[in-house]
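Scroll down for the structure; my scribbles are underneath it.
In the UniProt record's numbering, the protein residues as written are 1 to 336.
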């Protein structure tokens with residue numbers, strides 16, 4: 001194995017749901033020699049759920065002494081600082097600012113904050129990043145409905161599922177379709193890289209460039225990305241999610257001419273070449289990951305249209321923003 005034995009997760013918003021925390025514990029149990037690194041604005045987002053678990057069949061206090069590490073906002077800021085000397089400072093400042101902006105306010109976008117954080121964390125520390133809903137295909141759940149239990153020492157003796165991962169080109173991706181890359185369905189929920197990966201830097205630069213396009217290259221692009229529900233989803237996928245990675249992989253493999261190839265917006269049907277995959281030929285390591293971007297869905301509210309007098313359904317945010325969107329972004333991104 002040529003990457004650090006670290007598995008990273010990022011969570012923001014309210015407390016992490018129990019199902020997601022159970023996924024994390026199962027991954028740790030199947031990779032006992034790996035460290036689990038839980039990142040988020042506040043550690044309480046994990047702790048409150050940890051101590052509320054009732055169906056876990058190993059001692060919770062003993063379990064979390066076996067290689068779990070918690071990182072708050074200060075640690076994430078330090079990870080951003082690790083980019084200095086590898087990227088233009090203005091680009092770093094842009095990504096750092098957007099990350100914090102997307103965690104706050106009525107128009108927060110946790111998905112885009114996570115898209116930035118996962119690459120920054122991998123560059124700083126190396127290892128494997130997993131979204132919290134990722135499940136191992138061969139994982140034996142550690143949450144049982146009967147009275148059986150497992151000794152923590154027995155769990156720690158298990159052979160690591162990730163133990164034989166080899167990254168040959170400074171980055172690799174896991175299959176989110178659960179079908180060993182036989183289905184054209186790419187996602188960025190599973191990413192592995194060594195620390196200080198040049199490929200991670202290339203993706204961060206491409207991400208910042210797309211954010212810059214949204215800011216100055218599209219009329220009201222930045223404002224609409226924040227407040228328009230449809231743009232919120234599509235532009236996040238294009239600028240920071242599967243669309244970004246798909247285009248990058250396409251360009252890496254086909255060369256500069258691929259940039260001119262007709263491509264549907266947000267196309268994510270690329271299948272990475274073998275040297276950019278975590279799994280070996282014929283290996284299924286992960287279950288299918290739901291990549292329908294449910295985070296982009298907003299609740300609807302019925303109002304009366306003043307012109308027609310008819311009821312219409314509109315998508316709403318938790319609360320309307322009291323500030324001017326355009327003025328609030330002053331100085332946020334790099335200059336034209």
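Heads up, the beta-carbon is just placed ideally off N, CA and C, and yes, glycines get one too.
Compute the Euclidean distance between the alpha carbons of residue i and residue j, then round it to the nearest angstrom.
i	j	result
residue 6	residue 279	17 Å
residue 263	residue 130	Its pLDDT being 47, under 50, residue 263 is placed unreliably in this model, and the value from its coordinates should be taken loosely. Taking the straight line from one Cα to the other gives about 28 Å.
residue 50	residue 71	15 Å
residue 23	residue 306	48 Å
residue 148	residue 161	Because the pLDDT at residue 148 is just 43, under 50, the model does not fix this residue reliably, and the value given afterwards should be weighed accordingly. In a straight line, the C-alpha of residue 148 is about 23 Å away from that of residue 161.
residue 184	residue 271	6 Å
residue 16	residue 188	20 Å
residue 28	residue 79	23 Å
residue 282	residue 176	15 Å
residue 249	residue 229	28 Å
residue 135	residue 26	8 Å
residue 109	residue 98	10 Å
residue 37	residue 18	17 Å
residue 215	residue 199	24 Å
residue 31	residue 223	43 Å
residue 41	residue 11	8 Å
residue 277	residue 173	5 Å
residue 210	residue 181	27 Å
residue 66	residue 213	45 Å
residue 192	residue 2	10 Å
Within a Cβ cutoff of 6 Å, which residues of the same chain sit near residue i, ignoring the five residues on either side of it in sequence?
i	result
residue 112	102, 236, 240
Per DSSP, which one or two residues make a beta bridge with residue i?
i	result
residue 248	DSSP output for residue 248 lists no bridge partner at all.
residue 193	127
residue 84	87
residue 277	173
Can you list, in chain order, the residues of its chain whose CB lies under 7 Å from that of residue i, leaving out five sequence neighbours each side?
i	result
residue 196	123
residue 231	224, 225
What first and last residue would you give for the alpha helix (DSSP H) that runs through residue i?
i	result
residue 6	Premise fails: residue 6 lies in the beta strand (DSSP E), 6-10, not in any alpha helix (DSSP H).
residue 204	198-212
residue 170	Run containing residue 170: none; DSSP gives neither H nor E here.
residue 341	Residue numbering for the chain in the displayed model covers 1 to 336; residue 341 lies beyond these limits and cannot be assessed.
residue 238	229-239
residue 182	Careful: residue 182 lies outside any alpha helix (DSSP H) and carries neither H nor E.
residue 45	44-50
residue 20	18-30
On the DSSP letters alone, give me the boundaries of the beta strand (DSSP E) that residue i sits inside.
i	result
residue 36	35-39
By Cβ distance below 8 Å, which residues in the same chain neighbour residue i in space, the five residues on each side in sequence not counted?
i	result
residue 201	83, 86, 87, 123
residue 137	178, 284, 285, 286, 287
Let me see if you follow: with CB-CB separation under 8 Å, is residue i close to chain E or not?
i	result
residue 74	The structure shown contains no chain E; it holds only a single protein chain.
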